[in-house]
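Q:
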Amino acid sequence: MIIGLRNQEPGTHLQNSTPRGPPDLMSNQALGTSTKTSSSPAPMSLVDSFSAALAHREAKSARRRLTVLPRTAVDFSSNDFLSLSTSSAYRERFLALLNNTPPSFPFASGGSRLLDGNSAYAEDLEKFVANFHQAPTALLFNSGYDANVGVLSCVPQPGDVILYDELIHASAHEGMRLSRAGPRKMFAHSSPAGLRKVLVAQMSEDPKIANGSRNVFVVIESIYSMDGDVAPIKEFIAVVDELLPHGNGYFYVDEAHSTGVFGPKGAGVVQELGVQERMFIRVHTFGKALASHGGMSISQGLENELMADLNIAMVLCGPETREYLINYARSLIYTTALGFPFLASIRATYELLQMGETVSLQRRLQQLISHLRQQLAALRTYESVMFEVDHFPTSPIISLRTSQPRQLASVCQAKGFVVRAIMPPTIPEGKERVRVCLHSGNTEAEIDGLAQTIQSWLDQSSRQASKL
Ligand SMILES: Cc1ncc(COP(=O)(O)O)c(C=O)c1O
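Residue numbering for the sequence shown is 1 to 468, as defined by UniProt numbering.
1. Which of the three DSSP states is assigned to Leu5 in this structure?
2. At what residues does the beta strand (DSSP E) containing Ser399 begin and finish?
3. In this structure, does DSSP put Phe387 in helix, strand or coil?
4. Are the beta-carbon atoms of Gly339 and Phe141 separated by less than 8 Å?
5. Less than 8 Å between C-beta atoms, sequence neighbours within five positions excluded: which residues of the same chain meet that for residue 470?
6. Tell me whether Pro23 is buried or exposed, calling it buried when 16 or more other Cβ atoms sit within 10 Å of its Cβ.
7. Hey, would you say Ile223 sits closer than 8 Å to Asp229, going by beta carbons?
8. Could you tell me which uninterrupted alpha helix (DSSP H) segments, each at least 4 residues in length, are contained entirely in the segment 323-355, listed from first to last along the chain?
9. Check whether the Cβ of Ala256 lies closer than 7 Å to any heavy atom of ligand 1, and answer yes or no.
10. Considering only their Cβ atoms, is the gap separating Ala409 from Val434 smaller than 8 Å?
11. Just to confirm the assignment, what range does the alpha helix (DSSP H) spanning residue 530 have?
12. Give the DSSP-derived three-state secondary structure of Thr33 in the structure shown.
13. If I measure Cβ to Cβ from Ala181 and keep anything under 8 Å in the same chain, skipping five residues before and after, which residues do I get?
14. Which partner residues does Met176 have in the DSSP bridge list?
15. Cys437 bridges to which residues according to DSSP?
16. When you compare only the Cα positions, how much space is there between Asn79 and Pro103?
17. Are the CB atoms of Val261 and Ala291 nearer to each other than 8 Å?
18. Pull up the DSSP beta-bridge partners for Asp160, would you.
19. So the candidates are Asp227, Ser83 and Leu325; which of them puts its Cα closest to the Cα of Ile401?
20. Taking 7 Å as the cut-off, does the CB of Ser143 come closer than this to any heavy atom belonging to ligand 1?
21. CB of His169 to nearest heavy atom of ligand 1: below 7 Å?
22. What are the boundary residues of the beta strand (DSSP E) that Asp254 is part of?
23. Residues bridged to Val216 by DSSP?
24. On the DSSP letters alone, give me the boundaries of the alpha helix (DSSP H) that Ile422 sits inside.
25. Just the Cα atoms here: how many angstroms apart are Asp459 and Lys415?
26. How would you write the range of the alpha helix (DSSP H) that Arg91 sits in, first residue to last?
27. For the pair the segment 368-384 and the segment 345-354, tell me if three or more CB-CB distances fall below 8 Å.
28. Starting from Lys127, follow the alpha helix (DSSP H) in both directions and report where the run begins and ends.
29. Give the straight-line distance between the Cα atoms of Gly110 and Thr335, rounded to the nearest whole angstrom.
30. So, with DSSP's three-state summary, where would you put Met226?
31. Below 8 Å on the Cβ atoms is my contact criterion, and I expect Ile233 with Val269 to pass it. Report the Cβ-Cβ distance as a whole number of Å.
32. What does DSSP give as the partner residue(s) for Phe417 in the beta ladder?
33. What span of residues does the beta strand (DSSP E) with Asp185 cover, start to end?
34. Go to Ser204, then tell me how far its alpha helix (DSSP H) extends in each direction, as first and last residue.
35. Once the 5 residues before and after Leu178 are set aside, which same chain residues still bring their CB inside 6 Å of it?
36. What do you reckon, are the CB atoms on Gly247 and Gly212 nearer than 8 Å?
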């Protein structure tokens, strides 16, 4: 069993999130059902090809299913890290905001932000959130998914270079796929050396990068959703500052999993490190620790003085980036804006963050993380049963790596602990695991129960292995 810092060696896989459709082998031709000759069998119908694609996933134990788990089960799975969704403080504040509106106050937004869907309330919320995150401007999107798709699809300009961590989220892949950027190159997960290697390679191909006339976007997450590790953001900045002294390196950081959990009053990893002025765009989402829905893209205004001197567009990029997104981000323009109840729920949570009300929940979460680490470190393991704990010390997301994640997950679920087996294509082949998420509302007794269940499964699996 391994407990400790995540191995940051380069990986070899594209993250699950790379867009994938049904495999080619499901095509009519590959299945020998081509319609080219009259004697050929009838072509496969669309619905039959869906069934074949699903059967293919089933055969690889990779078929996804919707599940509803009993409410009485202990949550070791959701992203409700601060347990805010069941917090009475949050609920009371949220309901008060709803109830304090006049009866005629519209709860629906009524249209796109650009038509009837905007409101003074939404604009004020953006200012409140921008202020909390020490950023000049913020722009609301209907979800983190929409924010990543909308921003990444339009911000990198034709010919610009995008360098992305191999484990970035599916929504960032979607945005990059739609973008007019030039090369999009992956670098090894959370590896500053990997970023350097890819950037140097791009610089040798395109002299415009070195002379500062070609933009380079570095796309990362601050905490990775499946692996739960925290990105070495300062080390990435050092690489970019050294190689791109003209200030044409732009960081795009998705803080979906760190919002509420890390940083001062839950402001995120970037603010914990004090590097907010070096991030061109930060994305915070509200559907995880913030118990709400939606996402916000926060663009920085003034960069550090060096960058401001060297690249005048950066000086203006806060408000200008926002205006640009309002004009070009299609996932913002062509969708109905969030209605008042969503805005109010985001407001309620951010007020709690601002007042420091969630700091004790952050602290409690860290206590529980230490407790689970101790319990996992004390587990009796066996050579015959593959089992590794993969964990970044302060992260609420823990991976139990095993070759039998479905079995382990179902044993835990049978005991009333909700954990999920995570299988390819959500993660790369060979990285199967049970994902455990901790929440401020979990208890030590629940954690002990989970650890005992894992121990029983390990004992039982080893007995079975010895009989083979
Ligand atoms: C890293 C990351 N970014 C973005 C998203 C999408 O955010 P949302 O659920 O608000 O669409 C998720 C998860 O859903 C995520 O894990």
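Note that the Cβ used here is the ideal one computed from N, Cα and C, for glycine as well.
A: This is what the structure gives:
1. Reliability fails at Leu5, whose pLDDT of 36 lies under 50, so the model's placement of it is uncertain and no value is given.
2. Ile397 to Thr402
3. strand
4. no
5. For the chain, the structure presents residues 1 to 468; residue 470 sits outside this window and is missing.
6. Model confidence at Pro23 stands at a pLDDT of 49, short of 50, so the residue's coordinates are unreliable and nothing is read from them.
7. yes
8. 330-333 and 340-354
9. yes
10. yes
11. The structure shown does not extend to residue 530, since the chain is modelled only from 1 to 468, so the question has no answer here.
12. Bear in mind that a pLDDT of 42 at Thr33, under 50, signals an unreliable position, so the model cannot answer this.
13. Pro156, Gln157, Pro158, Gly159, Asp160, Val161, Ile162 and Phe217
14. Partner(s): none; Met176 has no beta bridge.
15. Ile397
16. 34 Å
17. no
18. Its beta-bridge partners do not exist; DSSP assigns none.
19. The identity of residue 401 in the sequence shown is Arg, whereas the question assumes Ile. Comparing Cα-Cα distances from Arg401 to each of Asp227, Ser83 and Leu325, the minimum goes to Asp227.
20. yes
21. yes
22. Gly249 to Asp254
23. Val161 and Gly249
24. Element bounds for Ile422: not the alpha helix (DSSP H) but the beta strand (DSSP E), Arg420 to Ile422.
25. 16 Å
26. Ser88 to Asn99
27. no
28. Ala120 to Phe132
29. 10 Å
30. coil
31. 7 Å
32. Val74
33. According to the sequence provided, residue 185 is Lys. The question's Asp does not apply to it. Element bounds for Lys185: Arg184 to Phe187.
34. Pro192 to Glu205
35. Ser153
36. yes
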